[in-house]
Amino acid sequence: MDGVSEAVPHAAPDNDPLVAAIDGIIDQIGRGDLNAAMDGCKAALRLDPHCAAAVHLMGAIAFRMGNQGLAIELVERAHKLEPNFREHPAALAFISVTVGRLADALYYTKLATALAPHPHFANILPTGLPRGRMLFEHAGKSVHATLAHIAFSAGNMRDAAQEAELELRLEQRDYDMMLLAARARLALGDLDAALAHLRAAVHAEPARAAAFRWMSDALLARGEHDLALALQRKAAAMDAEDEGLPAHFLSGLAWQSDANRAAAAGFAVTLRERAEGGRRPRRIERPGTNYIGFLWDECREGPLLDFVLPVLQHLEGSILYRLNRRTDAATETVRAAVMRFQDCPDLDAATLDRIIDGDRPGALINLSGTPDEGRHPRLAGAGAPLCLQWLGLPMPDRLPGAAATIGSPETEDVDLASFGEENLIRLSRLFAWRFPATGGDEEIVRPLPRDLQQGRVTFGAHGDMRRITAETVALWAGVLHAVPNSTLRLGAERGWSDAIAKRLLDMFADFGVVHRIALDARTEEGRVNFELLSRIDILLDTAPVNGIGEVAQALWMGVPAVNLRGSRRGGRTGWAVLAAAGHPEWSASSTGEYARIAAGLAARSDLAELRAGLRAAIESSALCDAKGLAEELRAALLPRMPKPRD
116 MDGVSEAVPH AAPDNDPLVA AIDGIIDQIG RGDLNAAMDG CKAALRLDPH
166 CAAAVHLMGA IAFRMGNQGL AIELVERAHK LEPNFREHPA ALAFISVTVG
216 RLADALYYTK LATALAPHPH FANILPTGLP RGRMLFEHAG KSVHATLAHI
266 AFSAGNMRDA AQEAELELRL EQRDYDMMLL AARARLALGD LDAALAHLRA
316 AVHAEPARAA AFRWMSDALL ARGEHDLALA LQRKAAAMDA EDEGLPAHFL
366 SGLAWQSDAN RAAAAGFAVT LRERAEGGRR PRRIERPGTN YIGFLWDECR
416 EGPLLDFVLP VLQHLEGSIL YRLNRRTDAA TETVRAAVMR FQDCPDLDAA
466 TLDRIIDGDR PGALINLSGT PDEGRHPRLA GAGAPLCLQW LGLPMPDRLP
516 GAAATIGSPE TEDVDLASFG EENLIRLSRL FAWRFPATGG DEEIVRPLPR
566 DLQQGRVTFG AHGDMRRITA ETVALWAGVL HAVPNSTLRL GAERGWSDAI
616 AKRLLDMFAD FGVVHRIALD ARTEEGRVNF ELLSRIDILL DTAPVNGIGE
666 VAQALWMGVP AVNLRGSRRG GRTGWAVLAA AGHPEWSASS TGEYARIAAG
716 LAARSDLAEL RAGLRAAIES SALCDAKGLA EELRAALLPR MPKPRD
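Under the numbering used here, the first residue of the sequence shown carries the number 116, and numbering increases by one thereafter.
Quick look at the structure:
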């Protein structure tokens with residue numbers, strides 16, 4: 116690593132073997148003899164286990180060997196050992212620039228300028244390392260590009276998109292900026308702008324797979340499942356080396372329509388084999404502890420937090436590995452809820468496996484669901500933790516690296532088909548939910564919107580186009596035909612573009628019910644669409660992929676929900692929520708039964724009373740018993756964990 120290891124050895128005092136050893140290591144790095152240099156670092160640490168210079172140089176060697184995550188981990192360790200000297204943060208700034216962690220680079224650059232050089236090991240780094248703005252010019256980054264990367268890393272997608280687009284005015288063919296702008300626009304729900312950037316990227320560099328990867332996500336978000344699947348296949352064929360693609364696409368395949376299910380399932384098998392065979396598993400022979408680890412890429416405010424946090428708060432001895440870089444108040448709540456909180460964003464897979472090995476959890480539950488931040492461990496050996504899957508948005512039927520699954524009666528047959536009897540850990544329920552409890556007026560259960568005099572009922576649904584397939588539209592149209600004078604109100608957190616609204620209404624027009632569809636205007640961004648739930652009588656869950664948070668939120672707001680259970684894991688979540696809430700009778704096994712349940716609820720004379728009492732009823736249900744679920748989870752996992760030796 117040019118900025119870290121090309122130093123000139125200084126003269127060692129005659130009686131200081133440690134300094135002489137460090138000089139020898141630097142000489143070996145300069146000659147390119149990295150294996151000998153690594154052996155020298157280990158020998159130096161035997162002389163002094165707290166020698167920061169030896170740890171630092173091990174990081175330099177790891178960087179030269181291409182293990183960037185380990186390099187950052189080691190130099191950060193050296194910095195903790197010696198926090199008052201500039202060499203370590205200066206090296207971290209250099210490494211951070213080269214791997215695109217520009218916010219970290221700015222921090223370490225400023226820190227390095229405020230610290231003094233090391234009195235004995237000042238030559239580990241050459242003088243004149245680029246500082247401040249020059250650091251980014253050294254890495255070929257303009258100010259707009261730098262700010263775009265920093266904003267994106269912090270989760271500030273609006274600023275990231277704006278800065279990236281300003282950069283593209285200056286450098287119109289900057290492929291990386293096109294991708295960053297597209298991903299930021301995609302996160303904001305601005306699908307048309309995202310697709311425009313991605314098409315420009317394809318035109319600029321048609322032989323690169325990354326633009327096709329993100330274009331498939333944008334098309335899936337617009338409900339164009341066929342095109343999304345075709346582009347996933349294309350990108351996977353174009354880039355067989357990218358270890359992140361299989362996990363990315365497996366998550367996307369979980370949204371696929373029933374019409375594409377067979378093709379998607381075959382592709383999923385290929386992707387899992389590629390993900391699990393892409394690198395050697397880390398062998399662990401020491402049996403672990405009774406700790407339970409969680410890999411999580413959604414450790415921030417959002418629907419999944421409401422199901423994970425209640426369990427974590429009642430689960431002793433838990434370790435959480437945070438995989439995303441976005442931090443909010445909810446992240447800090449999670450940090451306080453667990454025994455150990457490990458920040459692991461941007462680490463390569465091998466380094467993450469090494470950290471897990473060091474913590475020695477007896478079980479590792481993978482909560483990865485998002486495409487770009489999820490991780491899938493490769494651990495083997497007699498002492499390796501039991502790797503499981505539990506929740507996801509939605510969860511594929513089987514995640515790479517998962518040896519077992521945590522299921523409930525609602526998911527049992529899907530889990531048996533994916534894992535087999537011996538690898539299914541049965542719980543009485545899948546979910547415990549934390550109610551929003553904002554205390555605001557919008558959270559009050561409103562009187563029944565139904566117009567009793569006119570006999571009109573308003574159904575409602577959440578307008579996530581990934582989950583609104585031709586099958587979903589046919590399902591909802593069947594309900595409207597079964598309940599004359601009813602309407603269906605579709606809410607979308609980020610509103611409806613003209614193109615998506617036209618496409619959706621055309622789908623309903625085929626069933627003759629388009630005049631009974633209302634598309635809610637854009638609402639303020641938030642976790643709960645209180646406005647929609649206060650304007651509807653009954654929620655219609657999506658299928659073949661169900662909701663999770665949407666169903667629980669509806670019940671909390673006094674709105675009964677109708678669900679259709681499907682043949683995949685993502686098609687059982689709505690049923691699992693309803694069962695835990697004490698209303699499994701609102702889940703249907705067929706499209707005809709779905710319409711009959713909805714019509715039956717609409718015809719109930721006591722619907723207003725049901726609505727008024729629903730919140731109190733589910734507060735006393737199993738859906739709110741987080742402590743009980745945590746205890747059940749630990750009791751079920753303990754017999755399956757590798758047993759620690761005395």
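Every residue gets a Cβ at the ideal spot worked out from N, C-alpha and C, and that includes glycine. Quantities reported herein were computed from a predicted structural model and do not represent experimental measurements.
Paired residues, beta bridge with residue i - DSSP
i       : result
Trp-411 : Arg-437
Cys-502 : Leu-479
Gly-606 : His-577
Phe-626 : Beta-bridge pairing links Phe-626 to no other residue.
Ala-495 : Arg-398
Gln-428 : For Gln-428, which the question treats as bridged, DSSP gives no partner whatsoever.
Boundaries (first-last residue) of the alpha helix (DSSP H) holding residue i
i       : result
Gln-287 : Where Gln-287 is concerned, there is no enclosing alpha helix (DSSP H), given that its DSSP letter is neither H nor E.
Ile-144 : 132–146
Thr-587 : 585–597
Ala-691 : 688–695
Ile-663 : Careful: Ile-663 lies outside any alpha helix (DSSP H) and carries neither H nor E.
Ala-316 : 306–319
Asp-530 : 527–534
Asn-678 : No alpha helix (DSSP H) holds Asn-678; the beta strand (DSSP E) holding it covers 676–679.
Pro-164 : From DSSP, Pro-164 is part of no alpha helix (DSSP H); its letter is neither H nor E.
Met-756 : That residue, Met-756, is in no alpha helix (DSSP H); it is neither H nor E in DSSP.
Distance CB(residue i)-CB(residue j) smaller than 8 Å
i       : j       : result
Trp-329 : Arg-582 : no
Asp-341 : Asn-375 : yes
Val-560 : Gly-673 : yes
Val-190 : His-203 : yes
Ile-632 : Gly-575 : no
Pro-492 : Ile-407 : no
Leu-438 : Arg-490 : yes
Glu-400 : Gly-516 : no
Ala-737 : Arg-544 : yes
Gly-270 : Ser-366 : no
Gly-578 : Leu-605 : yes
Leu-729 : Leu-654 : no
Cys-166 : Ile-140 : no
Ala-714 : Ala-547 : no
Gly-697 : Asn-661 : no
Ser-702 : Leu-716 : no
Residue span of the beta strand (DSSP E) that contains residue i, given as start and end
i       : result
Ala-633 : 632–634
Ala-576 : 573–577
Thr-385 : Where Thr-385 is concerned, there is no enclosing beta strand (DSSP E), although the alpha helix (DSSP H) it sits in stretches over 376–392.
Ile-559 : Element bounds for Ile-559: n/a, residue is neither H nor E.
Asp-721 : From DSSP, Asp-721 is part of no beta strand (DSSP E); its letter is neither H nor E.
Leu-654 : 653–655
Gly-522 : 519–522
Arg-541 : 539–541
Asp-458 : 455–458
Same chain, Cβ closer than 6 Å to residue i, five either side skipped, listed in chain order
i       : result
Glu-280 : Ala-296
Ser-120 : With a pLDDT of only 38 at Ser-120, under the threshold of 50, the placement of this residue in the model should not be trusted; the figure read from the coordinates follows. Around Ser-120: Ile-144, Ala-175.
Phe-251 : Annotation note: pLDDT 45 at Phe-251 (below 50); position unreliable, no value reported.
Val-628 : Ala-592, Leu-595
Leu-344 : Asn-375
Met-622 : Val-588
Ala-254 : With a pLDDT of 46 at Ala-254, under the threshold of 50, the predicted position of this residue should be treated as unreliable, and no value is reported.
Met-249 : Because the pLDDT at Met-249 is just 43, under 50, the model does not fix this residue reliably, and the point stays unresolved.
Gly-689 : Asp-656, Asn-661, Gly-662, Val-666, Asn-678
Neighbourhood of residue i by C-beta distance below 8 Å, restricted to the same chain and skipping five residues each side
i       : result
Arg-395 : Arg-493
Arg-549 : Leu-420, Asp-421, Phe-422, Leu-424, Pro-425, Ala-741
Leu-539 : Ala-519, Thr-520, Gly-522, Glu-527, Asp-530, Leu-531
Leu-542 : Ile-521, Gly-522, Ser-523, Leu-744, Glu-747, Leu-748, Ala-751
Cutoff 7 Å; reference residue i; Cβ partners in own chain excluding five residues on either side
i       : result
Gly-247 : At Gly-247, the pLDDT of 40 sits below 50, so the modelled position is not reliable; the number obtained from the coordinates is stated separately. Same-chain partners within the cutoff: Thr-224.
Ala-218 : Ile-265, Ser-268, Ala-269
Asp-129 : Model confidence at Asp-129 stands at a pLDDT of 45, short of 50, so the residue's coordinates are unreliable; what they give is reported in the following sentence. Counting only Cβ-Cβ distances below 7 Å, and skipping sequence neighbours, we find nothing.
Asp-463 : Asn-182, Gln-183, Gly-184
Near the ligand MN: residue i beta-carbon under 7 Å from a heavy atom
i       : result
Ala-445 : The ligand MN is absent from the structure shown, which contains no ligands of any kind.
Test: residue i CB closer than 8 Å to a CB of chain B
i       : result
Gly-392 : Chain labels in this structure do not include chain B; a single protein chain is all it has.
Legend entry - Sufficient close CB pairs (3 or more, under 8 Å) joining the stretch 720–737 to the stretch 749–756: Counting Cβ pairs under 8 Å, fewer than three are found: no touch.
Inset, instruction - Say whether the stretch 451–470 touches the stretch 167–174, bearing in mind that this needs 3 or more beta-carbon pairs closer than 8 Å, one atom from each stretch. - result: Short answer: they don't touch.
Inset, instruction - Answer yes if the stretch 526–539 comes into contact with the stretch 381–390, meaning at least three C-beta pairs across the two stretches below 8 Å, and no otherwise. - result: No: fewer than three Cβ pairs fall under 8 Å.
Inset, instruction - Could you say if the stretch 346–360 and the stretch 308–317 meet the contact criterion of at least three C-beta pairs nearer than 8 Å? - result: With the cut-off at 8 Å, the stretch 346–360 and the stretch 308–317 do not touch.
Inset, instruction - Tell me, please, whether the stretch 465–481 touches the stretch 501–512 by the rule of three or more beta-carbon pairs shorter than 8 Å. - result: With the cut-off at 8 Å, the stretch 465–481 and the stretch 501–512 touch.
Inset, instruction - Evaluate contact between the stretch 317–328 and the stretch 298–307, counting only Cβ atoms and requiring at least three cross-stretch pairs below 8 Å. - result: No, because fewer than three Cβ pairs between the stretch 317–328 and the stretch 298–307 fall closer than 8 Å, the two stretches do not touch.
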